[in-house]
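Data first, discussion second: the structure below is written as structure tokens.
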Amino acid sequence: MPIAYPDHLTGILSTFDPYILNNSTLFKSGFPARYNSFLSSYINMRPEPGNKHEHEGELTLGLVSSALKAKGPIIKNHTSFAASARTSYLQHISRLYNRSMDDKTNPNYMPEYSFSDITATIDSRLSDKWRMTAFGLFSLDHMKMKISEHVQYIFDWHTFSGNVNVSYTPNANEQWDFQFGGKNTYSEGDAFGSVPMGGGNRNYALLGQATYSRRLSDKLNLNSGAKFEYSRFETANKSDDSQNLLIKSSDKDFNLYELYLDINYQLNQNFSLNVGGNYQFYAGETREHTFSPRAKISYTINKFTIWADYAKTIQYLSLYPYFTVKTPIDIWYPLAKGTQPATCHQYSIGINQEIGQLLSFYAGIFYKDMRNVKDFASDIQTEYSALSNRQIQGKGHAKGLEFDLTLNHHALYMRANYTLSESKRKFAEINNGKAFNPPYDVKHNVMINFSYQISPRLLLNTLWTFSSGVYTTFPKGMVIAQNITEFNDDKPILIPVYTDRYNYKLPNNHRLDASLDYKFGGKNLLFKLSVGAYNVYNQSNPSFVYFQAESTDNLTKIIPKSKVMLPFIPYVSLRINW
Numbered sequence: 021m022p023i024a025y026p027d028h029l030t031g032i033l034s035t036f037d038p039y040i041l042n043n044s045t046l047f048k049s050g051f052p053a054r055y056n057s058f059l060s061s062y063i064n065m066r067p068e069p070g071n072k073h074e075h076e077g078e079l080t081l082g083l084v085s086s087a088l089k090a091k092g093p094i095i096k097n098h099t100s101f102a103a104s105a106r107t108s109y110l111q112h113i114s115r116l117y118n119r120s121m122d123d124k125t126n127p128n129y130m131p132e133y134s135f136s137d138i139t140a141t142i143d144s145r146l147s148d149k150w151r152m153t154a155f156g157l158f159s160l161d162h163m164k165m166k167i168s169e170h171v172q173y174i175f176d177w178h179t180f181s182g183n184v185n186v187s188y189t190p191n192a193n194e195q196w197d198f199q200f201g202g203k204n205t206y207s208e209g210d211a212f213g214s215v216p217m218g219g220g221n222r223n224y225a226l227l228g229q230a231t232y233s234r235r236l237s238d239k240l241n242l243n244s245g246a247k248f249e250y251s252r253f254e255t256a257n258k259s260d261d262s263q264n265l266l267i268k269s270s271d272k273d274f275n276l277y278e279l280y281l282d283i284n285y286q287l288n289q290n291f292s293l294n295v296g297g298n299y300q301f302y303a304g305e306t307r308e309h310t311f312s313p314r315a316k317i318s319y320t321i322n323k324f325t326i327w328a329d330y331a332k333t334i335q336y337l338s339l340y341p342y343f344t345v346k347t348p349i350d351i352w353y354p355l356a357k358g359t360q361p362a363t364c365h366q367y368s369i370g371i372n373q374e375i376g377q378l379l380s381f382y383a384g385i386f387y388k389d390m391r392n393v394k395d396f397a398s399d400i401q402t403e404y405s406a407l408s409n410r411q412i413q414g415k416g417h418a419k420g421l422e423f424d425l426t427l428n429h430h431a432l433y434m435r436a437n438y439t440l441s442e443s444k445r446k447f448a449e450i451n452n453g454k455a456f457n458p459p460y461d462v463k464h465n466v467m468i469n470f471s472y473q474i475s476p477r478l479l480l481n482t483l484w485t486f487s488s489g490v491y492t493t494f495p496k497g498m499v500i501a502q503n504i505t506e507f508n509d510d511k512p513i514l515i516p517v518y519t520d521r522y523n524y525k526l527p528n529n530h531r532l533d534a535s536l537d538y539k540f541g542g543k544n545l546l547f548k549l550s551v552g553a554y555n556v557y558n559q560s561n562p563s564f565v566y567f568q569a570e571s572t573d574n575l576t577k578i579i580p581k582s583k584v585m586l587p588f589i590p591y592v593s594l595r596i597n598w
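The numbering of the sequence shown is this note's numbering, which starts it at 21 and goes up by one.
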């Protein structure tokens with residue numbers, strides 16, 4: 021069942037806590053028929069059932085973040101729980117850095133960012149045939165981004181997700197699942213000392229689904245299901261710059277009905293075939309019936325597998341950006357009247373080879389043909405009102421290849437992943453109808469993870485990541501605006517003027533994280549002392565980009581500026597397990 025995405029920044033902690041959600045499967049292709057409503061990839065996460073026999077816990081105390089986690093029986097051998105609470109202290113590090121800054125005329129303030137989340141699950145074996153699980157996740161993020169002494173942005177966003185699943189297994193060959201849940205996301209942004217700009221948006225949804233799985237024979241399996249979703253989207257504008265009031269400006273909702281069927285058939289010892297389909301009926305400002313077929317064929321011999329697949333996916337939501345680059349407060353918005361859902365036809369081919377327990381290799385290529393993808397008209401206002409009236413439709417494609425190599429030999433573990441891709445979009449209303457690279461086009465993406473068990477107690481771990489810079493929109497000129505500042509200053513505000521969109525490529529991002537872990541303790545208490553650093557070589561990776569006018573003599577230029585969320589930060593943490 022879908023949950024709200026807790027968009028934690030910096031990457032110092034995983035977005036979802038693996039203490040609770042430790043079983044996950046990522047689908048980049050070959051999507052099962054149950055997955056739809058987004059064009060790209062899906063991740064299936066299953067919560068930890070907890071410990072039904074004894075209590076255990078974990079406490080982590082660190083300079084950057086801390087966490088308290090526990091699991092154990094509520095009713096022994098019958099019902100168990102697992103819970104986790106995490107919080108960060110990055111905002112305190114940023115405040116100390118900002119206070120120490122001497123240059124007040126041209127400061128480079130560090131964003132003050134903090135986040136917290138709570139995750140919990142309950143697992144209960146009601147009988148030999150009935151089982152119930154419940155899951156909940158709440159996240160809270162806050163960021164203050166100071167541009168100068170007079171100009172700053174304040175962002176808040178939080179999410180909540182909860183669901184209950186009841187499973188009925190009448191025999192070893194079939195299973196029924198009934199799920200009910202809801203999710204909520206809220207974000208708010210304010211700009212002070214610049215162009216008046218502020219507002220909030222909320223999206224909440226109620227969901228229900230029933231699934232049926234049956235093993236018809238040793239070679240044939242069937243998975244089917246029905247889903248219902250009610251989603252509501254509310255946006256609000258700041259009514260008065262001198263007051264912290266939000267006035268609702270837009271209110272949209274839709275119902276989504278869905279049926280799906282998957283058939284998995286083992287043709288012989290080597291060949292397997294998966295076919296399926298997903299039907300959806302969307303009822304909002306527009307009504308749409310869609311059918312998304314899926315097919316995948318695989319050939320396996322020994323530990324070598326080659327596969328090919330096709331999948332059609334549908335998307336009903338569009339993303340309205342708050343800035344020229346992606347941020348967590350961007351607004352997801354439903355279909356406007358008279359528009360059609362975005363569709364993607366994806367074709368993929370791949371191989372996978374395992375060599376004993378030592379080495380595994382994966383390679384794949386893909387091509388995506390996209391229609392009715394969305395963007396927003398160039399004359400959109402800074403307000404959130406009437407977003408649906410500004411939606412425009414276009415087409416696009418994406419193509420790429422991926423390599424993944426994993427080595428696991430005694431004390432040494434290494435994984436390297438490389439993706440080469442290209443994405444293009446084309447709209448009649450943007451850039452005179454010329455194709456362009458959208459802001460999420462990342463040409464090169466590299467990840468290298470290296471771990472070495474120096475001794476039974478001592479572990480060295482490093483992670484290096486690289487990604488190409490994405491495209492944003494650079495202003496070509498400026499106009500002068502008077503009397504819209506919130507402070508007394510003789511200088512007028514210079515407002516950038518935009519022509520072509522997505523015309524400026526940001527610098528590449530790369531960073532090295534490293535840690536050294538030492539384990540010690542006795543029978544009842546186990547300790548792990550970690551010493552390490554984020555962004556070891558202090559790479560200035562831009563997390564937020566803005567444009568600022570700088571004047572020298574009689575010349576004024578608009579200069580691209582950036583804010584770095586995570587410079588070089590050393591840390592020490594102590595984890596206690598019992």
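Beta carbons are placed, not taken as given, at the ideal position from N, Cα and C, and that holds for glycine.
query: Report the residue from Tyr129, Met467, Thr179, Gly219 whose alpha carbon sits nearest the alpha carbon of Glu169.; result: Tyr129
query: For His430, name the three-state secondary structure that DSSP assigns.; result: coil
query: Apart from the five residues on each side of it in sequence, which residues of its chain come closer than 6 Å, Cβ to Cβ, to Asp461?; result: Ser443
query: With distances taken Cα to Cα, identify the nearest neighbour of Asp350 among Lys357, Leu337, Tyr342.; result: Tyr342
query: Give the range of the alpha helix (DSSP H) segment to which Ser49 is assigned.; result: Element bounds for Ser49: n/a, residue is neither H nor E.
query: Under 8 Å, with one C-beta from each stretch per pair, do the stretch 276 to 287 and the stretch 369 to 378 reach the 3-pair mark?; result: no
query: Check whether the stretch 36 to 53 and the stretch 327 to 335 are in contact - that is, three or more C-beta pairs closer than 8 Å.; result: yes
query: Could you tell me the distance, in whole angstroms, from the CA atom of Gly420 to the CA atom of Ala383?; result: 11 Å
query: Please report the distance separating the alpha-carbon of Asp161 from that of Ser60.; result: 26 Å
query: Tell me which residues share the same chain as Pro93 and place their Cβ nearer than 6 Å to its Cβ, disregarding the 5 neighbours each side in the sequence.; result: Lys72, Ser100
query: Whole angstroms are fine: how far does the CA of Leu41 sit from the CA of Ile63?; result: 11 Å
query: From Pro538 to Leu337, what does the alpha carbon distance come to, in whole angstroms?; result: The sequence given here places Tyr at residue 538; Pro does not occur at that position. Using only the alpha carbons, I get a separation of about 47 Å.
query: Go through its chain and collect everything with a Cβ distance to Ala397's Cβ below 7 Å, but skip five positions before and after it.; result: Arg410, Ile412, Glu449
query: Could you tell me if Phe386 is buried or exposed, where buried requires 16 or more neighbouring beta carbons within 10 angstroms of its beta carbon?; result: buried
query: Could you tell me the alpha carbon to alpha carbon distance between Lys149 and Gly552, rounded to whole angstroms?; result: 48 Å
query: Which whole-angstrom value is the C-beta distance of Thr492 and Pro459, which I expect to be below 8 Å?; result: 6 Å
query: Taking the alpha carbon of Asn204 as the point to measure from, which residue in Trp196, Val171, Arg222 has its own alpha carbon closest?; result: Arg222
query: In whole angstroms, give me the CA-to-CA distance for Gln289 and Leu83.; result: 54 Å
query: Inspect the beta-carbon positions of Gly157 and Asp176 and report whether they are closer than 8 Å.; result: Before going on, a small fix: residue 157 reads as Leu here, not Gly. In this structure, Asp176 does not lie closer than 8 Å to Leu157 by Cβ.
query: Taking the C-alpha atoms as reference points, what is the distance between Ile578 and Glu76?; result: 57 Å
query: Thinking C-alpha only, which one of Lys496, Arg531, Ala534, Leu545 is nearest Arg521?; result: Lys496
query: Gly17 to Pro190, Cα distance in whole Å?; result: With the chain covering 21 to 598 only, the question about residue 17 has no answer from this structure.
query: When the Cα of Gln373 is compared with those of His365, Leu425, Asp329, which residue comes out closest?; result: Leu425
query: According to DSSP, simplified to helix, strand and coil, what is Tyr117?; result: helix
query: For the beta strand (DSSP E) that Met152 lies in, which residues bound it at each end?; result: 150 to 166
query: DSSP state of His28, grouped into three classes?; result: coil
query: Tell me the residue span of the beta strand (DSSP E) that contains Arg531.; result: 529 to 541
query: Rounded to whole angstroms, what is the Cα-Cα separation between His429 and Asn437?; result: 18 Å
query: Once DSSP output is grouped into helix, strand and coil, what is the label at His178?; result: strand
query: Strictly under 8 Å for the Cβ-Cβ distance: is Thr80 near chain D by that measure?; result: In the structure shown, chain D does not exist; there is a single protein chain.
query: Once you ignore the five residues that flank Met21 on each side, which residues in its own chain have a CB closer than 6 Å to its CB?; result: Asn183, Gln199, Gly201, Leu227
query: With a threshold of 16 other CB atoms inside 10 Å of the CB of Ile321, please say whether the residue is buried or exposed.; result: exposed
query: The beta strand (DSSP E) with Ala383 in it runs from where to where?; result: 379 to 396
query: Using the beta-carbon count (16 or more within 10 Å), is Arg477 buried or exposed?; result: exposed
query: Who pairs with Arg445 in a beta bridge, going by DSSP?; result: Gly416, Phe456
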